[in-house]
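Trainee: Here it is: the structure, laid out below.
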Amino acid sequence: MLEGKFDEASLLKKVIDAMKDSVKLCNFNCTENGISVQAIDDSRVLLISLLIEAGSFEDYRCDRNIVLGLEMESLNKIIKNGNASDMLTLVAEDSPDALNLIFEDKRRDRIAEYSLKLMDIDQDFLKIEDMKFDAVVNMPSAEFAKICRDMKTLSESLQIIITKDSVKFNSEGDFGSGSVVIKSFTDLEKTEESVRITLEKPINLTFGAKYLNDIIKSTPLASQVTIKLCDKQPALFEYQLPSGYLRFYLAPKFED
Amino acid sequence: KYVQNWLWRYFHRD
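Chains R and L, in that order, are what the protein sequence lines are.
Using my numbering, the first residue of the first sequence is number -3, and each one after it goes up by one.
Using my numbering, the first residue of the second sequence is number 367, and each one after it goes up by one.
Here it is as structure tokens:
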């Protein structure tokens, strides 16, 4: 049996909000260590890997491994009915045909209970090895989100160029072009505002602005985003959870 | 441009 209680529904609300526009159907794999999801978008350009470790829950138990096949839009409809500050408990039997979601108001005696039908989803679970990257950038997630939004107004592609101590986001469109340069920066008082660049080799890669604009829906999850890049390899965009992560592996665009 | 199924093939390469 699975029983996972979040102190606040807001964490799962943000996670589902970040994923729902990229992937429609997901298997939520529940083990004693927590809940993990791996799903690839329909165009097979973006792979999402989610890990909510048991430590992200107030209480967590999962006696046997359970797979919950969930339709993200339906899950989102139910999740939106709960308040962000509600306690949220996920409950499923060992061979479940539904996932129960219980929202409890902390101040009042209000309990809202929902049941979501499960689906059989045929999905491969890939073993993603640790990858080696030539460049790693840690930067404020809100700053990254603004750059992705701004650059998308110019072009459907966004070029990321990394040299010694700066990252250049470059966009070449039909009616004009634009770029934003971010330099290494340490804010000792507000560490979440810092920009850190670790570089083995210079990087020049291009990505679809549409996918980056899906990825930045994770911004409310973490104050910093980690961007890991290497030539001829999927880029990794990572948002840390209190215990776990939400990762996006994005294919680069190649020259014609 | 995107190479079709590149990401899928990348993670299935072995």
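Glycine included, each C-beta is placed from N, C-alpha and C at the ideal position.
Tell me, please, which residues DSSP counts as bridged to R:E100.
Mentor: Taking the first residue of the first sequence as 1, we reach residue 100 of chain R at position 104. Paired residues: R:M83, R:I107.
Trainee: Count Cβ pairs between the region 87 to 105 of chain R and the region 166 to 178 of chain R that sit closer than 8 Å; are there 3 or more?
Mentor: Fewer than three Cβ pairs drawn from the region 87 to 105 of chain R and the region 166 to 178 of chain R lie within less than 8 Å of each other, which leaves the two stretches out of contact.
Trainee: Please list the segments of the alpha helix (DSSP H) lying wholly inside the region 166 to 236 of chain R, counting only runs of 4 or more residues, in order along the chain.
Mentor: 205 to 211
Trainee: How is the alpha helix (DSSP H) around R:I74 delimited, first residue to last?
Mentor: As a first step, residue 74 of chain R is located in the first sequence; it is residue number 78 there, counting from the start. Element bounds for R:I74: 68 to 77.
Trainee: Whole angstroms are fine: how far does the CA of R:K213 sit from the CA of R:I75?
Mentor: For the purposes of this step, residue 75 of chain R is identified with residue 79 of the first sequence, where counting begins at 1. For the purposes of this step, residue 213 of chain R is identified with residue 217 of the first sequence, where counting begins at 1. Near 16 Å, if we compare the C-alpha coordinates of R:K213 and R:I75.
Trainee: Is the distance from the Cβ of R:S167 to the Cβ of R:T215 below 8 Å?
Mentor: On the first sequence, position 171 is the one that residue 167 of chain R refers to. On the first sequence, position 219 is the one that residue 215 of chain R refers to. No, Cβ-Cβ distance for R:S167 and R:T215 is not below 8 Å.
Trainee: Using 10 angstroms around the beta-carbon of R:T27, count the other beta-carbons present and answer buried if the total reaches 16, otherwise exposed.
Mentor: Taking the first residue of the first sequence as 1, we reach residue 27 of chain R at position 31. So R:T27 counts as exposed.
Trainee: Measure from the alpha carbon of R:V87 to the alpha carbon of each residue in R:Y110, R:K73, R:R106, then state which is nearest.
Mentor: Counting from 1 along the first sequence, the entry for residue 87 of chain R is found at position 91. Nearest option by C-alpha distance: R:Y110.
Trainee: Please classify R:F121: is it buried, with 16 or more other beta-carbons within 10 angstroms of its beta-carbon, or exposed?
Mentor: Here residue 121 of chain R refers to the residue found at position 125 when the first sequence is read from its first residue. Exposed: under 16 other Cβ atoms inside 10 Å.
Trainee: With a threshold of 8 Å between beta-carbons, can R:D252 be considered close to chain L, or not?
Mentor: Position 256 of the first sequence holds residue 252 of chain R. Judged by the 8 Å Cβ criterion, R:D252 is in contact with chain L.
Trainee: R:Q34 and R:S45 look like a contact to me (Cβ under 8 Å); what is the Cβ gap, rounded to whole Å?
Mentor: Locating residue 34 of chain R in the first sequence gives position 38, where the first residue counts as 1. Locating residue 45 of chain R in the first sequence gives position 49, where the first residue counts as 1. Right, the Cβ-Cβ distance comes to about 5 Å (below 8 Å), so this counts as a contact.
Trainee: What is the rounded straight-line gap between the Cα of R:L42 and the Cα of R:T182?
Mentor: As a first step, residue 42 of chain R must be located in the first sequence, where it is residue number 46. As a first step, residue 182 of chain R must be located in the first sequence, where it is residue number 186. Distance between the alpha carbons of R:L42 and R:T182 is about 31 Å.
Trainee: Starting from R:I12, follow the alpha helix (DSSP H) in both directions and report where the run begins and ends.
Mentor: Against the first sequence, residue 12 of chain R aligns to sequence position 16. Residues 6 to 15.
Trainee: Could you tell me whether any Cβ in chain L is nearer than 8 Å to the Cβ of R:I156?
Mentor: Here residue 156 of chain R refers to the residue found at position 160 of the first sequence. False, the Cβ-Cβ gap to chain L never drops below 8 Å.
Trainee: Measure the C-alpha to C-alpha separation of R:I143 and R:I211 and round it to an integer number of angstroms.
Mentor: Counting from one through the first sequence, the residue named residue 143 of chain R turns up at place 147. Counting from one through the first sequence, the residue named residue 211 of chain R turns up at place 215. Roughly 12 Å separates the two Cα atoms.
Trainee: So, using beta-carbon positions, are R:I158 and R:F203 closer together than 8 Å?
Mentor: Taking the first sequence and counting its residues from 1, one reaches residue 158 of chain R at position 162. Taking the first sequence and counting its residues from 1, one reaches residue 203 of chain R at position 207. No, these two residues do not count as a Cβ contact at 8 Å.
Trainee: What are the residues of the region 26 to 56 of chain R that lie near chain L, defined by any Cβ-Cβ distance shorter than 8 Å?
Mentor: I36, S39, R40, V41, L42, L43
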